[in-house]
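What follows is one structure encoded as structure tokens, with my remarks underneath.
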Amino acid sequence: MNECGEELRAARLTQEISLEDISSTTRINVKFLKAIEDGNFSILPQTYIRAFIRTYAVQVGLDPALMVKKYEQQAAPGTPPSSFQDIISPVKVRLPKQKGASQTTVLIIVSVIIIIGLVFTLSVINNNKATQKTETKLEMKIDSLFLPEDQVPSGTQQATTTVQLDSLILNVSATESAWISVIIDDKTKKEILLSGEKSIQWKAANQFRITVGNAGSTVIKLNNYAIKPLGKRGAIVRDYIVNRSTLDTLRVVKKNQ
Numbered sequence: 007m008n009e010c011g012e013e014l015r016a017a018r019l020t021q022e023i024s025l026e027d028i029s030s031t032t033r034i035n036v037k038f039l040k041a042i043e044d045g046n047f048s049i050l051p052q053t054y055i056r057a058f059i060r061t062y063a064v065q066v067g068l069d070p071a072l073m074v075k076k077y078e079q080q081a082a083p084g085t086p087p088s089s090f091q092d093i094i095s096p097v098k099v100r101l102p103k104q105k106g107a108s109q110t111t112v113l114i115i116v117s118v119i120i121i122i123g124l125v126f127t128l129s130v131i132n133n134n135k136a137t138q139k140t141e142t143k144l145e146m147k148i149d150s151l152f153l154p155e156d157q158v159p160s161g162t163q164q165a166t167t168t169v170q171l172d173s174l175i176l177n178v179s180a181t182e183s184a185w186i187s188v189i190i191d192d193k194t195k196k197e198i199l200l201s202g203e204k205s206i207q208w209k210a211a212n213q214f215r216i217t218v219g220n221a222g223s224t225v226i227k228l229n230n231y232a233i234k235p236l237g238k239r240g241a242i243v244r245d246y247i248v249n250r251s252t253l254d255t256l257r258v259v260k261k262n263q
């Protein structure tokens, strides 16, 4: 069952967004977006499947981490057999009545079959573990390739302006009057009325929950990566989540541009 793709498609259709619109914003090929909806993951670049799903989820207002989890549950390899008995059918051997060399030969054959079954079982289990480790290393390697240019300190910059890698930095500015409310890490709430050309910055460990009035007039950046406008001019957007998955998505989008 393609639960991940079906939820993404349903959210897109509910908001009357076309695949072409999402492709234009994210730079992801329409063919890949349709493959995600159809559950046809075999034609997608394996290294970028999770990043594409996160990006798609953000565009239609779904939780990126939840969508990736549903994909992983769908794509998880079958559980390896618990023993060699799940791989080979039981072998019934009728021992001859005579004692001696013939009984010894039969016992040797049975032992060889058992050993082959055990070796095959261990090989299947080890291959599944190796595949999962390889995918995890590839994801970590991709994420480590991209850093915003503004995070590289120069000789004229003070040390206090360097963005810390272990923090999320949210910068909000407005081209005209706009009200902003931010809940940081589900603990601290900040509110401010921004006038034209003014900006504010907050730091979080894991997440921001944003509510904004006059959404079209705000410019929002996460760790110096620009987030597309949350809505139109005069629109009110409530409880928009920005977290580390958002940052991962912005990095991938930046790379694909």
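For the sequence shown, the residue numbers in the numbering used here are 7 to 263.
Ideal placement from N, C-alpha and C gives every residue a C-beta, glycine not left out.
- DSSP places residue 23 outside both helix and strand once states are collapsed to three, so it counts as coil.
- The beta carbon of residue 57 lies closer than 6 Å to those of 258 in the same chain, with the five residues before and after it left out.
- By the Cβ neighbour-count rule, residue 70 is buried, with 16 or more other Cβ atoms within 10 Å of its own.
- Shown here, residue 243 sits in a strand according to DSSP, grouped into three states.
- Spatial neighbours of residue 74 in its own chain (CB-CB distance under 7 Å, excluding positions within 5 residues in sequence) are listed in chain order as 56, 59, 60.
- Within the same chain, 179, 180 come within 8 Å of residue 204 by CB-CB distance, once the 5 residues on both sides are set aside.
- Take residue 199, set aside five residues on each side of it, and the residues of its chain with a beta-carbon closer than 6 Å to its own are 185, in chain order.
- In the same chain as residue 220, and ignoring 5 residues on each side of it, the C-beta atoms closer than 6 Å to its own belong to 184, 240, in chain order.
- Straight-line measurement puts the Cα of residue 126 at about 40 Å from the Cα of residue 63.
- Per DSSP, the beta bridge partners of residue 179 are 205, 225.
- Under DSSP, residue 249 takes part in a beta bridge, and its partners are 213.
- Of the candidates 236, 129, 68, the residue whose Cα lies closest to the Cα of residue 223 is 236.
- The beta-carbon separation of residue 50 and residue 13, rounded to 17 Å, does not stay under the 8 Å limit for a contact.
- In its chain, beyond the 5 residues on either side, 61, 65, 259 have a beta carbon closer than 7 Å to the beta carbon of residue 32.
- Cβ-Cβ distances below 8 Å link residue 35 to 29 in the same chain, with the five nearest sequence neighbours on each side left out; the list follows chain order.
- Annotation: the continuous beta strand (DSSP E) that includes residue 200 extends over 194–200.
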